[in-house]
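What follows is a short report on a single structure.
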Amino acid sequence: MTNTALTKILIFDSGVGGLSILQALQETLPDCEYIYASDNEAFPYGTKSAEFLITRVQRALQVLIEKTQPHIVVVACNTASTLVLPHIRRHFTIPIVGVVPAIKPAAQQSKSKVIGLLGTPGTVTRGYTKGLIEEFASDCEVVSVGSSELVILAEQALRGVSPPQTVLRSLLKPLFDKRQLDTIVLACTHFPLVKKQLIDAFPRRVNWIDSGEAIARRVSSLLDSQPPTTTQKKTTSNTAIFTMQSADLDCLQYILKKFYLKRLEYIQV
Ligand code: DGL
């Protein structure tokens with residue numbers, strides 16, 4: 000698989016968060032065809048049980064893979080990836096790339112060795128995430144904040160409603176109160192979409208780390224291709240697929256077009 004123009008990549012998330020991963024992918028691999036799938040019927044994932052998510056994500060991917068026949072699947076959701084990757088990798092034969100909290104680079108880059116972990120309630124309490132902390136950040140103090148409210152605020156932001164600064168400040172307070180903290184891991188793909196607003200609500204300079212570029216590098220190496228030197232995005236159309244029709248998707252059309260997601264489809268899971 001070396002011809003990126005012929006490569007079809009399926010990006011999967013509960014909502015619009017995976018667009019932050021799509022953005023990184025389109026910058027690195029502009030010639031690939033992208034299918035963006037949102038399981039908006041089961042959104043949000045961050046508050047759902049492990050049993051529910053394992054069954055749901057496997058079923059959704061089954062339908063999506065059968066329908067779209069991608070070469071690679073990117074599970075662009077920390078909440079799902081930290082839980083379902085072993086199950087779905089056993090079940091499907093195509094390469095699956097998961098998005099998990101960028102704890103390793105955060106621990107490497109932090110000078111104070113106090114780092115913040117901002118994810119969903121599911122992600123920050125997972126055994127998988129605790130394992131990442133033990134393995135890569137055992138010399139760090141990790142302050143975790145799990146918030147589904149921030150996920151919903153990011154969804155609204157992409158529909159044109161800015162998150163109130165006061166709400167963001169109170170969500171970030173446990174991290175702000177740790178005076179030595181110098182690095183924050185955005186461990187939910189929704190959060191880079193409101194990174195500017197988060198920086199504005201956090202009046203101290205810290206290093207914000209997300210997984211976008213690392214995932215683009217990983218996919219790129221899987222495709223065994225050199226990242227192109229141009230950052231120009233391709234202009235042919237990609238497809239967005241949702242698991243539920245909903246009037247509020249109209250508010251997303253502008254943003255979907257920015258990612259060349261010009262076709263809109265629905266599937267039943
Ligand atoms: N975007 C997802 C993540 O990276 C989850 C958001 C949600 O549905 O709770 O964790």
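Numbering (numbering that gives the first Met the number 0) for the sequence shown: 0 to 268. Heads up, the beta-carbon is just placed ideally off N, CA and C, and yes, glycines get one too.
Whether residue i touches residue j by CB criterion (8 angstroms)
i	j	result
Leu174	Leu180	yes
Pro162	Gly45	no
Ile71	Leu221	yes
Thr242	Leu260	no
Cys76	Lys112	no
Gly16	Leu185	no
Pro69	Ile95	no
Gly145	Thr128	no
Val150	Leu116	no
Ser37	Ser13	yes
Ala200	Gln164	yes
Val98	Ser80	yes
Thr67	Leu24	no
Leu342	Ile266	This structure does not reach residue 342, given that the chain is present from 0 up to 268, and the question cannot be answered.
DSSP state of residue i mapped onto helix, strand, coil
i	result
Tyr33	strand
Phe241	strand
Lys261	strand
Lys172	helix
Arg58	helix
Ile10	strand
Leu185	strand
Gly17	coil
Gln225	Model confidence at Gln225 stands at a pLDDT of 45, short of 50, so the residue's coordinates are unreliable; what they give is reported in the following sentence. Residue state, collapsed to three classes: coil.
Leu116	strand
Ile64	helix
Val307	Outside the modelled stretch of the chain, which goes from 0 to 268, sits residue 307, for which no answer is possible.
Val73	strand
Gly159	coil
Gln107	helix
Tyr253	helix
Gly45	coil
Asp236	It is Ser, not Asp, that sits at residue 236 in the sequence shown. Coil, per DSSP.
Buried/exposed call for residue i, threshold 16 Cβ in 10 Å
i	result
Gly130	exposed
His189	buried
Leu18	buried
Glu134	exposed
Arg55	buried
Ala223	Note on identity: in this sequence residue 223 is Asp, with Ala being the wrong assignment. Exposed is the call here.
Val83	buried
Glu154	buried
Thr182	buried
Val160	exposed
Span of the alpha helix (DSSP H) around residue i
i	result
Val218	211–221
Gly130	126–135
Val96	From DSSP, Val96 is part of no alpha helix (DSSP H) but of the beta strand (DSSP E) over 95–97.
Ile266	Careful: Ile266 lies outside any alpha helix (DSSP H) and carries neither H nor E.
Gln196	194–200
Where the beta strand (DSSP E) containing residue i begins and where it ends
i	result
Ser143	140–145
Asn206	206–208
Chain-ordered list of residues that sit, by beta carbon, closer than 6 angstroms to a heavy atom of the ligand DGL: Asp12, Ser13, Gly14, Gly16, Phe42, Pro43, Tyr44, Gly45, Cys76, Asn77, Thr78, Thr119, Thr122, Ser147, Val150, Cys187, Thr188, His189
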